[in-house]
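Notes for the one structure printed next.
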Amino acid sequence: TPSDSRISRIPDRRDIDENGTSGRNLTEFPASNAITNRLKTDNPMINGKIIKVCGMCEAENIRDVEALEGIDMLGFIFYPKSPRYIYELPAYLPIHAKRVGVFVNADKPTVSMYADRFGLDYVQLHGTESPEYCRSLQERGLKIIKAFSIALPKDLTKVYEYEKTCDFFLFDTKCEQYGGSGNQFDWNILHTYKGHVPFILSGGIHSCSAHSLKGFSHPLLAGYDLNSRFEVKPGKKDTDRVRTFLNELKS
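Once you know that position 24 of the sequence shown is 38 in the numbering used here, the rest is easy, because the numbers rise by one and skip nothing.
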């Protein structure tokens, strides 16, 4: 775990809100069926869906991606084995988009440390974390996104154990390594999901996926997670590629 001296907290949204100068409504996403009302900002959501861009590292890139109309969440990966691992604070952190921290089987003090230093709004868990683990983080005031790897309908059976301890689920493609493969799974499997927790769709979404995404519907589909297919290199997103995707999603 990096020492506190390397990631001491810089001023963030919490400080801005205390001064009353943020100019934004930072209402949290509720875990409910009213998905289209989960976030109120100055800019309307694209088709009523969360747009989450994950694996951010560089300050200028963070600022540029956040400035795109329709970006609701930006993700930071705190898993040392990831090529997008970040542990030092960048010179800029998002003010308008929600901050999501991604962890894999991290101990709770480590999660709490990063949540405080980076001012995280959500913690996204990609390992074998138990419902009790999720609940304990919730009790510390953190909001939870639990990721599940999907290849077959049976992979959805365990998600129901987490319904009372998570704010969102994230359904990703099953692969050997943690953190996703950049490949797409069969979204039709999700029609067998009958739970109550809204989910974010992940896994292989790319700049030409807009048409397919608009053709897929589920009453609890909350949004889309973008990562490796929008990069010029690990941790740096191609802003033009993201913008093109968002425009096609709106059209």
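Quick reminder that beta carbons are idealized off the backbone N, C-alpha and C, glycines included.
query                                                                                                                                        : result
Can you name the start and end residues of the alpha helix (DSSP H) that Ala224 belongs to?                                                  : Ala224 to Gly229
How would you write the range of the alpha helix (DSSP H) that Phe259 sits in, first residue to last?                                        : Thr253 to Lys264
Using DSSP with H/G/I as helix, E/B as strand and the rest coil, what is Ile76?                                                              : helix
Specify the secondary structure class of Met70 as computed by DSSP and reduced to three states.                                              : coil
On the DSSP bridge list, what partners appear for Gln138?                                                                                    : Val116 and Ile159
Run the CB neighbour count on Thr179, radius 10 Å, all protein chains shown included, and call it buried at 16 or more, exposed below.       : buried
Since Arg131 contacts Pro248 with CB under 8 Å, what's their CB separation in whole angstroms?                                               : About 22 Å separates the two Cβ atoms, so there is no contact after all.
In terms of alpha-carbon separation, which member of Phe230, Leu235, Gly229 and Gly218 lies closest to Val211?                               : Leu235
Among residues of its own chain, excluding the 5 on either side of Val246, which ones have a beta-carbon nearer than 8 Å to its beta-carbon? : Asp252
Taking just the CA atoms, how far does Cys71 sit from Asp78?                                                                                 : 12 Å
When DSSP labels each residue in this structure, what does Ile214 get in the three-state scheme?                                             : strand
By DSSP, does Lys250 sit in helix, in strand, or in coil?                                                                                    : strand
What is the DSSP secondary structure of Val130, counted as helix, strand or coil?                                                            : Residue identity differs from the one stated: residue 130 is Asp in this sequence, not Val. Three-state result, Asp130: helix.
State buried or exposed for Gly155, treating a residue as buried only when at least 16 other CB atoms are found within 10 Å of its CB.       : exposed
As a quick exercise: from Ile64, Glu262 and Leu134, pick the residue whose alpha carbon is nearest that of Leu107.                           : Leu134
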